[in-house]
Amino acid sequence: EGGWITLLITGSLIVLAVIIKRHYLATAKLLRRLHTLVQTTEMPVPQVLKEGEKVIAPPFDPQAKTDIFSAAASSISSLLQSRPGDARLELFAATFRAQFGQTQASLDLLKSALSHSPHKQQIQIQLGLTLLQMGETQDALAVLKDTFEAAPEFDSARVFYAVMLYSVGKNVEADALLTEKFGSTVV
């Protein structure tokens with residue numbers, strides 16, 4: 178009879194030890210991330226200069242930008258894993274990646290976002306902008322044209338499509354598109 182109680186107590190202690198270990202591992206990971214962020218923000222604070230004093234710039238630290246990007250990218254990746262299928266979060270992550278020149282990762286995220294929300298104009302616009310950033314001008318033009326034609330009442334789609342038309346030299350078409358909605362091209 179005492180064997181079952183011993184097994185129950187031993188099993189409970191093992192489960193408790195596993196829970197405590199997970200907590201300490203998670204805490205250690207957070208402390209490492211915090212330490213990295215603190216290091217990147219511990220730059221000298223600019224001093225107020227008196228008239229005639231020269232400005233001395235702090236030394237440039239190229240690693241600081243990389244550390245901040247890595248921490249932000251890691252947080253975004255964690256969010257994406259915890260919220261699969263969230264098209265808005267995928268759009269945010271794609272925009273973030275595109276801003277840092279990671280266009281292929283951005284493109285993959287945008288395709289995933291479109292699979293979850295295929296008619297969301299903001300995702301389609303970002304897809305067009307990312308394609309443009311990748312040098313795929315004609316593909317970008319086609320995406321922005323389709324976005325505009327699917328919802329011509331959506332002003333942002335109209336404006337981005339017009340900007341693309343201007344960028345490929347179709348100025349008359351772009352002027353007509355904007356004039357139709359906003360009036361004269363004369364400012």
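In this note's numbering, the protein residues as written are 178 to 364. Heads up, the beta-carbon is just placed ideally off N, CA and C, and yes, glycines get one too. All of these numbers come straight from a predicted model, not from anything done at the bench.
- Contact between Leu318 and Met341 holds: CB atoms are separated by about 5 Å, below the 8 Å threshold.
- Non-local C-beta neighbours of Glu350 in its own chain, meaning closer than 8 Å and more than five positions away in sequence, comprise Leu342, ordered along the chain.
- DSSP places Lys322 inside the alpha helix (DSSP H), whose first and last residues are Thr314 to Ala327.
- In the structure shown, Met311 falls within a coil segment according to DSSP collapsed to helix, strand and coil.
- Ala264 is the residue among Gln310, Phe277 and Ala264 whose C-alpha sits nearest the C-alpha of Ser292.
- For Phe359, the enclosing alpha helix (DSSP H) stretches over residues Asn348 to Phe359.
- Going by DSSP, Gln281 is part of the alpha helix (DSSP H) stretching over Thr280 to His293.
- With a cut-off of 8 Å on Cβ pairs, the stretch 319-332 is not in contact with the stretch 270-284, counting fewer than three such pairs.
- DSSP places Arg265 in the uninterrupted alpha helix (DSSP H) bounded by Ala264 to Gln276.
- Around the C-beta of Tyr338, 16 or more other C-beta atoms lie within 10 Å, and the residue is accordingly described as buried.
- Approximately 6 Å separates the beta-carbon atoms of Ala248 and Thr213; this is inside 8 Å, confirming the contact.
- The straight-line gap separating the alpha-carbon atoms of Ser333 and Glu326 is approximately 12 Å.
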